[in-house]
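Novice: Before anything else, here's the structure in question.
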Amino acid sequence: MSSRGLFSARRSYSQLRTSNLELSFTGQVVVELLLILPVFMLIVFFIMEIGHLAFQTIVIHHAAYEMARIGSLVAGPSKGDRSAQVDMGRAKAKMESVKCQMFKPSICNKITLEEVRAEKTTFDRQADAWNEDLLLTVRYPVKLIFPGTGLLLSADPGLGSVKKSIASNTRVIFVNLRMPIEKPFFQ
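Counting the sequence shown from 1 gives a position; the working numbering is that position plus 846.
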């Protein structure tokens, strides 16, 4: 047997081995793409959804603070009334109308004022009357806008059912505020 024939056999074997290795790695990119891309996109969507929820939280906190401020001004006694009675019905009605001015009608109907009440805090000896605070709880359901994030981020403590919340793909934000009720000082 000549050395040339042996060399050509080795060469063809190494070429064959290299071509088999190349064939075994050709599907690797597709598999990595199919396995890693959805996980990466889900991470990106979660980050974007958390930013969206943070924005909505800031919006509803500012709106609730403004509603509580207006409600605390309206809840005080009427003009010329020397009594220290607060009118929570008038305050709630005014806050409802202001809420619908702040948000579009489709969103206004979803936002609810869960609790509107007055709570006595301290006795003011100079005014000879109790100071009162307006307590306001606002419920704001936020629609999750990115795909896949509803599996972990949607939770509605008001409904009591996680499955129902996942189906609706919403997250509920509750805002609790305390605002002092403005009363005139009569001497």
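Glycine included, every Cβ here is placed at the ideal spot set by N, Cα and C.
Which residue from V877, Q874, F949, L980 puts its Cα closest to that of K938?
Specialist: Minimum Cα distance to K938 is reached at L980.
Novice: Starting from I882, follow the alpha helix (DSSP H) in both directions and report where the run begins and ends.
Specialist: 874-920
Novice: Going by Cα to Cα distance, which pick from E895, T903, I916, R936 is closest to L990?
Specialist: When only C-alpha atoms are compared, the closest one is E895.
Novice: Determine the burial state of F969: buried for a count of at least 16 other Cβ atoms within 10 Å of its Cβ, exposed for fewer.
Specialist: exposed
Novice: Return yes when the Cβ of A914 is within less than 7 Å of the Cβ of D933, no when it is not.
Specialist: no
Novice: What is the rounded straight-line gap between the Cα of A889 and the Cα of V984?
Specialist: Reading the sequence as shown, one finds Ile at residue 889 and not Ala. Taking the straight line joining both Cα atoms gives about 30 Å.
Novice: DSSP three-state call for E1028: helix, strand or coil?
Specialist: Three-state result, E1028: coil.
Novice: Compute the beta-carbon to beta-carbon distance between N977 and T967, rounded to the nearest angstrom, for a pair I have assumed lies under 8 Å.
Specialist: Right, their Cβ atoms sit about 5 Å apart.
Novice: Just how far apart, CA to CA, sit T1016 and A910?
Specialist: 20 Å
Novice: Taking DSSP as the reference, what is the three-state secondary structure of G1004?
Specialist: For G1004, the predicted model reports a pLDDT of 47, less than 50, meaning its position is unreliable; a value from the coordinates is still stated below. The answer is coil: DSSP assigns G1004 none of H, G, I, E or B.
Novice: Nearest to E965 by CA position, among I904, D974, I1027, is which residue?
Specialist: That would be I1027, whose Cα lies nearest to the Cα of E965.
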